[in-house]
Amino acid sequence: LIQNCSRCHSSSIHTHDIILDDYPHVRAFAKEGSLYGSVLQNGEYAPMPYDAPKLDDCTIAIIRNWVKEGIKDN
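Under my numbering, the residues of the sequence shown are numbered 117 to 190, in order.
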């Protein structure tokens, strides 16, 4: 996740005030649904990663399962 998101959403480069380079920030966006919705690219959220290919199905499934299992800090 960090490698795909931090080029635009880090503490130093926080596009649209979205920071995704630490657990508390990632957890907040995962909890409200925009993290998974954006990488799923289903039209409900802005598709991410921006200006790059969609994440592979395996990575998207990992994010989906992580959210479904309670967004654990691991």
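Think of the CB as a built atom: it goes at the ideal place given N, C-alpha and C, for glycine as much as any other residue.
Member of P169, I178, S150 whose CA lies at the smallest distance from the CA of Y161: S150
Classification of H132 by the beta-carbon crowding that lies within 10 angstroms, buried from 16 upward: exposed
I135 burial status per 10 Å Cβ neighbour count (16 or more: buried): buried
Spatial distance of R180 from V142 (CA atoms): 13 Å
Under 9 Å between C-beta atoms of D137 and S154: no
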